[in-house]
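**Student:** Can you keep this structure in mind? I'll have questions shortly.
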Amino acid sequence: MHTTITPAAPLATPTPAAPSIHHSQQQSGLAMHILGAVAFVHLLNDLIQALLPSIYPMLKAEFSLSFTQVGLITLTFQCTASLLQPWIGLYTDRRPLPFLLPIGMCFTLAGVLMLSVVSTFPTLLIAAGLIGVGSSTFHPEASRVARMASGGRYGFAQSLFQVGGNVGSALGPLLAAVVIVGRGQGNIAWFSLLAVLAIGVLYSVSRWYSGHLASFKPKAGGHGPNLSRNKVLKALGVLALLVFSKYIYMASLSSYYTFYLIDKFHLSIGLAQLYLFLFLAAVAAGTFMGGPIGDRIGRKRVIWISILGAAPFTLLLPYVDLFWTAVLTVIIGFVISSAFSAIVVFAQELVPGKVGMIAGIFFGLMFGVSGIAAAAMGHLADVSGIAYVYKICSYLPLLGILTVLLPHIEQSKK
Numbered sequence: 009m010h011t012t013i014t015p016a017a018p019l020a021t022p023t024p025a026a027p028s029i030h031h032s033q034q035q036s037g038l039a040m041h042i043l044g045a046v047a048f049v050h051l052l053n054d055l056i057q058a059l060l061p062s063i064y065p066m067l068k069a070e071f072s073l074s075f076t077q078v079g080l081i082t083l084t085f086q087c088t089a090s091l092l093q094p095w096i097g098l099y100t101d102r103r104p105l106p107f108l109l110p111i112g113m114c115f116t117l118a119g120v121l122m123l124s125v126v127s128t129f130p131t132l133l134i135a136a137g138l139i140g141v142g143s144s145t146f147h148p149e150a151s152r153v154a155r156m157a158s159g160g161r162y163g164f165a166q167s168l169f170q171v172g173g174n175v176g177s178a179l180g181p182l183l184a185a186v187v188i189v190g191r192g193q194g195n196i197a198w199f200s201l202l203a204v205l206a207i208g209v210l211y212s213v214s215r216w217y218s219g220h221l222a223s224f225k226p227k228a229g230g231h232g233p234n235l236s237r238n239k240v241l242k243a244l245g246v247l248a249l250l251v252f253s254k255y256i257y258m259a260s261l262s263s264y265y266t267f268y269l270i271d272k273f274h275l276s277i278g279l280a281q282l283y284l285f286l287f288l289a290a291v292a293a294g295t296f297m298g299g300p301i302g303d304r305i306g307r308k309r310v311i312w313i314s315i316l317g318a319a320p321f322t323l324l325l326p327y328v329d330l331f332w333t334a335v336l337t338v339i340i341g342f343v344i345s346s347a348f349s350a351i352v353v354f355a356q357e358l359v360p361g362k363v364g365m366i367a368g369i370f371f372g373l374m375f376g377v378s379g380i381a382a383a384a385m386g387h388l389a390d391v392s393g394i395a396y397v398y399k400i401c402s403y404l405p406l407l408g409i410l411t412v413l414l415p416h417i418e419q420s421k422k
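Numbering follows the working numbering, in which position 62 of the sequence shown is assigned residue number 70; successive positions increment by one, without gaps.
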């Protein structure tokens, strides 16, 4: 018997066999506790991931890397983090594997320890790949747990889960500056303690997940919006293009922003990291606001505002001074990040019963697109300069106009 859940069916609807269990889970603090736990581990997971771009300047100097090689590190991490996700999600939609969560984090632990001792570029790529494998096993199952614990507030749950990762990404550069930069590669090993903590929390989450699978079986007869298969595929394609525009631009900031600031404004590495923190903190705030707002005003409206609304600011960014660079990147981070939770939930409602697969595709697409873009932008920076990269990427949010092609599934459900 399959134990997948159906996104289109509210979690508050009891199964015939266990009406009281479903109601009590959603009204008690237990679901919020689990939601908070997976968001916390998402923070730890993405904090560890943020180590890579945060220490790129140090690695570039120690290993004598080109920008192209820096891009290849990101590509290796992002590809291992993305290619496995849809397949893991598809498999666990049919056969949930609760204890895959702590097992996957063990790969992250191994990658961090290896990153602290490697001495060659190929072994550096292997360490980055191991961290990516850990991420690919975490996101689909953790996203499913977040939906199970949502009490029907899918946008809020996805936002809280995602903002945990954004907060971790924002904290990564700060901790890297304090713990690693100027103190040597060996200090990366301290971050293995965070991976050990994540494994412990995920073990407890997995026990809850395993014990509550039967309570979250899909309701008989549940279905998604009344759309043809071709319209669903078209809508998923549009959402994928929106993720494409959003995360290529985000990759330009997360991977190369410190280099841009150092090159254009002659900042120190430490000060450039603080500016990167401001951007990533704005991303976290925007992510948190996007989900609840989408629950209230509709996810399609949030997608409109988030991606297309960032375009005026991205187009201005390459031409302003340091002060306005900081201001604009904070605005861009806040606005453009609010769409992702809405995109994931929108896609899950298009394809009911495939929560893990959809989460895997979109989290995986996010990582894969970012990785390929980072490698391409690294080569472009070597050839034409880092400032040219920001001029080219500034046009990407204009693809937000494609939101007009999305169906009105929220209205159709009323």
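Glycine included, C-beta positions come from ideal geometry on N, C-alpha and C. Treat the numbers as computed from the prediction; the structure is a model and nothing was measured.
Assess, as a yes-or-no matter, whether the segment 306-316 is touched by the segment 331-348 under the definition of 3 or more beta carbon pairs within less than 8 angstroms.
**Tutor:** Yes: the two stretches touch, three or more of their Cβ pairs being nearer than 8 angstroms.
**Student:** By how many angstroms is the C-alpha of Gly408 removed from the C-alpha of Val328?
**Tutor:** Answer to the nearest angstrom: the Cα atoms are 24 angstroms apart.
**Student:** Beta-carbon within less than 8 angstroms of Ala383's beta-carbon, same chain only, minus the 5 sequence neighbours each way: which residues are those?
**Tutor:** Thr76, Gly79, Leu80, Thr82 and Leu83.
**Student:** Measure the C-alpha to C-alpha separation of Lys399 and Arg103 and round it to an integer number of angstroms.
**Tutor:** About 46 angstroms.
**Student:** Just to confirm, is the Cβ distance from Asn53 to Thr128 under 8 angstroms?
**Tutor:** No, Cβ-Cβ distance for Asn53 and Thr128 is not below 8 angstroms.
**Student:** Which stretch, first to last residue, makes up the alpha helix (DSSP H) that contains Tyr283?
**Tutor:** Per DSSP, Tyr283 belongs to the alpha helix (DSSP H) from Ile277 to Ile305.
**Student:** Thinking C-beta only, is Val338 closer than 8 angstroms to Ala259?
**Tutor:** Contact flag unset, no.
**Student:** Measuring CB atoms only, is the segment 150-168 touching the segment 294-311, in the sense that at least three cross pairs come out at less than 8 angstroms?
**Tutor:** Short answer: they touch.
**Student:** State the Cα-Cα distance for the pair Gly364 and Arg155, rounded to the nearest angstrom.
**Tutor:** Cα to Cα, Gly364 sits roughly 10 angstroms from Arg155.
**Student:** Roughly how many angstroms separate the alpha carbons of Leu87 and Gly137, rounded to a whole number?
**Tutor:** It should be noted that the sequence gives Cys, not Leu, for residue 87. Their Cα atoms are separated by approximately 8 angstroms.
**Student:** Restricting to Cα atoms, I'd like to know which of Pro130, Gly119 and Ala150 is closest to Ile96.
**Tutor:** For Ile96, the nearest C-alpha among the options comes from Ala150.
**Student:** Going along the chain, which residues of its own chain have a beta-carbon closer than 6 angstroms to the beta-carbon of Leu406, five neighbours each way excluded?
**Tutor:** Closer than 6 angstroms at Cβ, skipping near neighbours: Ala319.
**Student:** What span of residues does the alpha helix (DSSP H) with Asn174 cover, start to end?
**Tutor:** Tyr162 to Val187 is the extent of the alpha helix (DSSP H) around Asn174.
**Student:** How big is the Cα-Cα spacing for Thr333 and Tyr99?
**Tutor:** Straight-line Cα distance between these residues: approximately 44 angstroms.
**Student:** Are there three or more Cβ pairs, one per stretch, closer than 8 angstroms when the segment 237-257 is compared with the segment 267-280?
**Tutor:** At 8 angstroms Cβ cutoff, the stretches do not touch.
**Student:** Report yes or no: do three or more beta-carbon pairs, one from the segment 174-194 and one from the segment 53-65, lie closer than 8 angstroms?
**Tutor:** With the cut-off at 8 angstroms, the segment 174-194 and the segment 53-65 touch.
**Student:** Could you say which of Val353, Ile256, Leu279 and Tyr264 lies nearest to Val310 if we only look at CA atoms?
**Tutor:** Checking every option, the nearest Cα to that of Val310 belongs to Val353.
**Student:** Taking contact to mean 3 or more Cβ pairs, one atom from each stretch, closer than 8 angstroms, check whether the segment 168-176 and the segment 185-197 are in contact.
**Tutor:** No, because fewer than three Cβ pairs between the segment 168-176 and the segment 185-197 fall closer than 8 angstroms, the two stretches do not touch.
**Student:** Can you give the Cα-Cα distance for Ala157 and Ile42, rounded to whole angstroms?
**Tutor:** One C-alpha to the other measures close to 7 angstroms.
**Student:** Under 7 angstroms Cβ to Cβ from Ala25, same chain only, skipping five residues before and after it: list those, please.
**Tutor:** Confidence at Ala25 is low in this model, with a pLDDT of 37, below 50, so the placement of that residue is unreliable and no value is reported for it.
**Student:** Would you say Thr128 lies against chain C (beta-carbon separation less than 8 angstroms)?
**Tutor:** Going by chain labels, chain C is absent from the structure shown, which holds only one protein chain.
**Student:** What does the alpha-carbon distance come out to for the pair Ile114 and Ser214?
**Tutor:** Reading the sequence as shown, one finds Cys at residue 114 and not Ile. Each residue's Cα considered, the two are about 14 angstroms apart.
**Student:** State the DSSP-derived secondary structure class of Gly190, mapped to helix, strand or coil.
**Tutor:** Here Gly190 sits in coil by DSSP.
**Student:** How big is the Cα-Cα spacing for Asn234 and Gln93?
**Tutor:** Taking the straight line joining both Cα atoms gives about 28 angstroms.
**Student:** Can you check whether the CB of Ala47 is closer than 8 angstroms to the CB of Phe146?
**Tutor:** No. Outside cutoff.
**Student:** Which of the three DSSP states, helix, strand or coil, is assigned to Asp271?
**Tutor:** If DSSP states are grouped into helix, strand and coil, Asp271 belongs with the helices.
**Student:** What do you get for His416, buried or exposed, if any count of 16 or more other CB atoms within 10 angstroms of its CB means buried?
**Tutor:** By the neighbour-count rule (16 or more Cβ atoms within 10 Å), His416 is not buried but exposed.
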